[in-house]
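K.L.:
Heads up: the sequence shown begins at 12 in the numbering used here, then just goes up one per residue. We treat Cβ as the ideally placed atom computed from N, Cα and C, and that holds for glycine. Below is a structure I'd like to ask you about.
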Amino acid sequence: MARYNLWQNRAIIAAADPLGPVVRQDSKGAEFGSIAGTLSHLLWSDRVWMARFDGGAVPDGMLGNSGTLFRDWQMYRAERAQTDTRILDWASSLDDAGLEGELFWMSKSAGQQVSRPMVICVTHFFLQQVHHRGGVHALLGAAGAVGKDSALFLMPDLLE
12 MARYNLWQNR
22 AIIAAADPLG
32 PVVRQDSKGA
42 EFGSIAGTLS
52 HLLWSDRVWM
62 ARFDGGAVPD
72 GMLGNSGTLF
82 RDWQMYRAER
92 AQTDTRILDW
102 ASSLDDAGLE
112 GELFWMSKSA
122 GQQVSRPMVI
132 CVTHFFLQQV
142 HHRGGVHALL
152 GAAGAVGKDS
162 ALFLMPDLLE
């Protein structure tokens, strides 16, 4: 799923690149407003979860402003690539034992300590990415962007 995440993030960036900043930031009533807003939220959310998983730094921001943290497209692209590498590195080191037990964290959104089974948290992490990228796909299509196939079974490195 980490490789799928990387593949899809690259495809979305390639589809959104030619649109330009005005179209990417145009609010269309999506949960985080726009293509750029949704991608910003997803990058922030990925970093929040990675901080929980690998003990790295918790990113600045909160859920309420997560859609505005990465407005500069070039900065977003660089930060997205860095985070995708972090996700790949973490996932490649994960084994069955790493999916056992509970994950504990302080949720700023819920305002309380939370614990859930690690396997549920990892599953949520990857499904949340799919959920938000689905919204971005819809926004890209409405903006006239040409996207690539997102079917997992068509992922290039699975076909080799």
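When DSSP labels each residue in this structure, what does L105 get in the three-state scheme?
P.N.:
coil
K.L.:
For a quick check, are the C-beta atoms of E90 and L54 less than 8 Å apart?
P.N.:
Their beta carbons are under 8 Å apart, which means E90 touches L54 by this criterion.
K.L.:
For S45, which of helix, strand or coil comes out of DSSP?
P.N.:
coil
K.L.:
Who are the near neighbours of G152 in its chain, counting only those whose CB is closer than 8 Å to its CB and skipping five residues on each side?
P.N.:
Within the same chain, Cβ atoms closer than 8 Å to the Cβ of G152 are found at G158, the five residues on either side in sequence being excluded.
K.L.:
Tell me which residues share the same chain as D37 and place their Cβ nearer than 6 Å to its Cβ, disregarding the 5 neighbours each side in the sequence.
P.N.:
S45
K.L.:
Considering only the alpha carbon of each residue, which of Q140, D106, L163, F43 lies closest to R58?
P.N.:
Q140
K.L.:
List, from N- to C-terminal side, the alpha helix (DSSP H) runs of 4 residues or more that fit wholly inside the segment 120 to 153.
P.N.:
129 to 153
K.L.:
Roughly how many angstroms lie between the CA atoms of I23 and M86, to the nearest whole one?
P.N.:
15 Å
K.L.:
Spatial neighbours of T94 within its chain, please: CB distance less than 8 Å, with the 5 preceding and 5 following residues excluded, ordered by chain position.
P.N.:
L54, D57, R58, M61
K.L.:
Drop a sphere of 10 angstroms on the beta-carbon of H148, count the other beta-carbons inside from all chains shown, and report buried for 16 or more, exposed for fewer.
P.N.:
By the 10 Å Cβ count, H148 comes out buried.
K.L.:
DSSP has W116 in a bridge; who is on the other side?
P.N.:
V125
K.L.:
Would V133 be called buried (16 or more neighbouring beta carbons within 10 Å of its own) or exposed?
P.N.:
V133 is buried by the Cβ-count criterion.
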